[in-house]
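Note sheet for the following structure.
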Amino acid sequence: MSSPPAGKTRTLALTAILLAAFIDLIDVTILTVTLPSIQADLDASPAQLQWMLSAYTLALGTGLISGARLGDIAGHRRVFVVGVLGFTAASAICALALNPGMLIASRVAQGLFAAAMIPQVLAQIQLLYAPHERGGPMAGFASLTGLAATLGPILGPLLTEADLAGTGWRLVFWVNVPLGLATAYASLRLLPESRAETAPRLDVPGVLVSSAGLLLLLYPLIAASDEAHWPGWATGCVLAGIAVLAVFAATQRRAERAGGSPLIALSLLRHRSLSGGLLVQLLFFVPVMGFFMVLMQFLQVGVAMSPTEAGLTLVPWSIAVAVFAGVGAAVLLPRIGRLTVQAGLVALALAMLLMAGTAAGATGDTGFLDLLPSVALGGAGMGLVVAPIIQLTLADVPPEHAGSGSALFNTVTQLAAAIGVAVMGTFFFSGIRDGAPDVTTIGAAFHDTLWLGAALLADSAVTSSRIRSGRGIAATRANWPAYTSNSAVSGSASAGSGT
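The numbering of the sequence shown is the UniProt record's numbering, which starts it at 1 and goes up by one.
Below is the structure:
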């Protein structure tokens with residue numbers, strides 16, 4: 001392993017890897033706002049629009065654990081640079097897309113290369129900084145999530161409407177190219193190389209089986225949105241997907257018992273807080289990620305807002321998330337424990353119901369102020385959930401399995417995002433299939449979709465009772481980043497070894 005840099009060089013190295021993480025995070029939120037422009041330019045169907053989002057999150061979610069293991073095998077810097085360059089090339093192909101199929105395929109490539117890139121970000125922070133120094137870098141990494149959520153809905157419309165050289169929405173992808181090339185160059189110059197002393201084996205059959213199962217499960221949810229009624233082939237695909245995933249679980253359990261290197265250490269699910277927390281995260285993230293996509297359809301296609309106006313509507317949401325995430329983790333969690341998460345889930349469900357009322361009576365004059373109360377309440381609710389749920393979910397995971405627990409949590413999050421776009425999108429578009437695409441029809445479909453989201457959030461709030469109470473968990477500004485570094489940062493090494 002080469003020697004870690006120090007001083008200004010180390011700061012520049014940190015900047016390079018955080019830039020890569022930022023590009024990945026913003027690529028989801030920035031595309032959500034530009035979907036109507038893409039639909040008009042490429043004549044994309046509702047199912048294809050969902051795949052433009054789902055393809056990326058599905059590829060990323062299924063590849064995260066494998067990406068972490070590749071870093072252990074081939075070296076973290078090498079895999080990181082390959083991931084950055086691949087992501088950059090895929091972004092250029094997205095920008096050149098001639099039809100929806102080409103864009104979807106390019107998004108799959110983006111997700112796969114991001115899955116190789118993101119685990120190495122945390123591994124490099126662990127390598128660059130001693131344990132007592134990781135608070136600042138990890139705080140910076142955590143803040144990128146809120147920043148990306150805030151800037152994505154704003155930058156997307158601005159770049160689209162700038163229409164530089166007639167690029168339109170394609171500029172959203174072109175901006176990744178210079179940023180990606182600069183990141184790759186800086187990484188080669190500044191980052192040290194490292195790998196696990198005992199390189200684990202990559203479970204290729206496990207990767208293939210799990211990916212096949214997830215594809216069989218998700219494809220019908222998305223493709224069936226073009227059908228008038230739920231088709232028989234879709235039911236067959238779902239049942240086949242469940243069967244394949246059951247086989248995957250059995251092989252992973254067998255590999256773990258034999259002392260092998262499974263992709264997922266299923267024994268961790270015996271911890272009630274982890275299994276319950278993963279289910280809470282799934283039921284929470286499915287409606288949230290689906291919500292953003294259908295909200296943009298409602299605002300731009302239904303209410304006829306410009307992309308910029310639609311993006312600015314979400315700014316109060318992003319600000320509220322940032323504020324209440326800090327309040328939830330640093331102030332409320334140590335005092336009231338899991339009630340923090342439950343309060344956030346209830347607030348978010350109420351926000352969706354409040355917005356549903358606005359959608360039911362929406363007209364062409366519906367605007368920012370009409371949506372402000374529900375948007376602000378929703379952001380506050382989400383903020384109370386996102387930070388505490390990580391701590392509560394991983395609280396009972398043994399230290400030697402902290403990396404695997406974190407990797408499992410991140411994978412469930414990405415898969416929930418894919419499922420959310422599929423389920424919420426299918427429900428929404430099925431409501432406007434037979435009606436005129438006016439504000440009344442779209443508003444009614446949005447209203448019904450929000451009720452579905454609120455029901456899932458209510459289920460998540462009930463399920464959260466499975467998690468430990470969590471009172472007394474330290475979550476101050478001083479030790480919250482340290483907690484993150486001891487779990488998430490170690491994910492690349494521990495998840496890679498299956499321990």
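Yeah, the Cβ is synthetic: ideal placement off N, Cα and C, and Gly gets one too.
{"query": "Rounded C-beta distance between Gly-67 and Pro-119? I'm assuming under 8 Å.", "result": "5 Å"}
{"query": "Inspect the beta-carbon positions of Gln-252 and Phe-409 and report whether they are closer than 8 Å.", "result": "no"}
{"query": "Below 7 Å CB to CB, which residues in the same chain sit around Arg-460 once its five sequence neighbours on both sides are set aside?", "result": "Checking the displayed sequence, the identity of residue 460 turns out to be Ser instead of Arg. Once the five neighbours on either side are set aside, the close Cβ partners of Ser-460 are Val-280, Leu-283, Phe-284 and Leu-345."}
{"query": "Given Ala-387, which residues of its chain have a CB within under 7 Å of its CB, disregarding the five upstream and five downstream residues?", "result": "Ala-325, Gly-328 and Ala-329"}
{"query": "What is the rounded straight-line gap between the Cα of Ala-304 and the Cα of Gly-276?", "result": "41 Å"}
{"query": "Buried or exposed for Ala-362, going by 16 or more other Cβ atoms inside 10 Å?", "result": "buried"}
{"query": "How big is the Cα-Cα spacing for Phe-113 and Ala-165?", "result": "28 Å"}
{"query": "Does Thr-62 pass the burial test, meaning 16 or more other C-beta atoms within 10 Å, or should it be called exposed?", "result": "buried"}
{"query": "Taking Thr-88 as the reference, which of Leu-25, Phe-80, Leu-181 and Gly-75 has the closest Cα?", "result": "Leu-181"}
{"query": "Tell me the DSSP secondary structure of Ala-234 in three-state form.", "result": "helix"}
{"query": "Measure the beta-carbon distance from Gly-216 to Cys-237 and round it to whole angstroms, keeping in mind my assumption that it falls under 8 Å.", "result": "A small correction: the amino acid at residue 216 is Leu; Gly does not occupy that position in the sequence shown. So it is a contact: roughly 5 Å between Cβ atoms."}
{"query": "Please list the segments of the alpha helix (DSSP H) lying wholly inside the stretch 326–352, counting only runs of 4 or more residues, in order along the chain.", "result": "333–336"}
{"query": "Could you check the C-alpha separation between Pro-153 and Phe-291 for me, to the nearest Å?", "result": "14 Å"}
{"query": "For Ala-343 and Leu-457, what's the separation of their Cα atoms in angstroms?", "result": "11 Å"}
{"query": "Determine contact between the stretch 409–421 and the stretch 46–63, defined as no fewer than three beta-carbon pairs at a distance below 8 Å.", "result": "yes"}
{"query": "Around the Cβ of Ile-242, are there at least 16 other Cβ atoms within 10 angstroms (buried) or fewer (exposed)?", "result": "exposed"}
{"query": "Using C-beta distances below 8 Å, list every residue in its chain close to Phe-173, excluding the 5 sequence neighbours before and after it, in chain order.", "result": "Ser-91, Ala-92, Cys-94 and Ala-95"}
{"query": "Output needed for Thr-476: all residues of its chain with C-beta closer than 6 Å, excluding positions within five of it in sequence on either side, in chain order.", "result": "For Thr-476, the predicted structure reports a pLDDT of 37, less than 50, and the residue's modelled location is therefore unreliable. A value from the coordinates is still provided. Excluding sequence neighbours, Thr-476 sits near Ala-330."}
{"query": "Tell whether a beta-carbon distance below 8 Å holds between Leu-332 and Thr-340.", "result": "yes"}
{"query": "Within 10 Å of its beta-carbon, does Asp-203 have 16 or more other beta-carbons around it, so buried, or fewer, so exposed?", "result": "buried"}
{"query": "Let me check understanding here. Comparing Cα to Cα, which of Val-412, Tyr-129 and Ala-21 lies closest to Met-117?", "result": "Ala-21"}
{"query": "Where do the N-terminal and C-terminal ends of the alpha helix (DSSP H) with Pro-178 fall, by residue?", "result": "176–190"}
{"query": "How far does the alpha helix (DSSP H) with Glu-193 in it extend, from its first residue to its last?", "result": "From DSSP, Glu-193 is part of no alpha helix (DSSP H); its letter is neither H nor E."}
{"query": "Report buried or exposed for Thr-32, applying the criterion of at least 16 other Cβ atoms within 10 angstroms of its Cβ.", "result": "buried"}
{"query": "Pull up the distance between the alpha-carbon of Ala-74 and that of Ala-59, whole angstroms please.", "result": "21 Å"}
{"query": "For Asp-27, is the classification buried or exposed, using 16 other Cβ atoms within 10 angstroms of its Cβ as the cut-off for buried?", "result": "buried"}
{"query": "Only counting the same chain, and skipping five residues up and downstream in sequence, which positions put a Cβ closer than 7 Å to that of Ile-390?", "result": "Phe-409"}
{"query": "Taking DSSP as the reference, what is the three-state secondary structure of Leu-53?", "result": "helix"}
{"query": "Roughly how many whole angstroms lie between the Cα atoms of Val-121 and Ile-65?", "result": "14 Å"}
{"query": "Here's the rule I'm using: 16 or more other beta-carbon atoms within 10 Å means buried, otherwise exposed. How should Ala-250 be labelled?", "result": "exposed"}
{"query": "Mapping DSSP to helix, strand and coil, what is Pro-437?", "result": "coil"}
{"query": "Look up Ile-467 in the DSSP assignment and say whether it is helix, strand or coil.", "result": "coil"}
{"query": "If contacts are defined as beta-carbon pairs under 8 Å, then residue 574 and Gly-425 qualify, I think. What distance do you get, rounded to the angstrom?", "result": "Past the boundaries of the shown model lies residue 574; the chain is included only from 1 to 499, so the question cannot be answered."}
{"query": "Please report how far the alpha carbon of Met-296 lies from the alpha carbon of Ala-310, in whole angstroms.", "result": "7 Å"}
{"query": "What separation, rounded to the nearest whole angstrom, lies between the Cα atoms of Ser-485 and Asp-72?", "result": "Model confidence at Ser-485 stands at a pLDDT of 32, short of 50, so the residue's coordinates are unreliable and nothing is read from them."}
{"query": "Can you tell me the Cβ-Cβ gap for Val-84 and Thr-183, rounded? I've got them flagged as a contact below 8 Å.", "result": "5 Å"}
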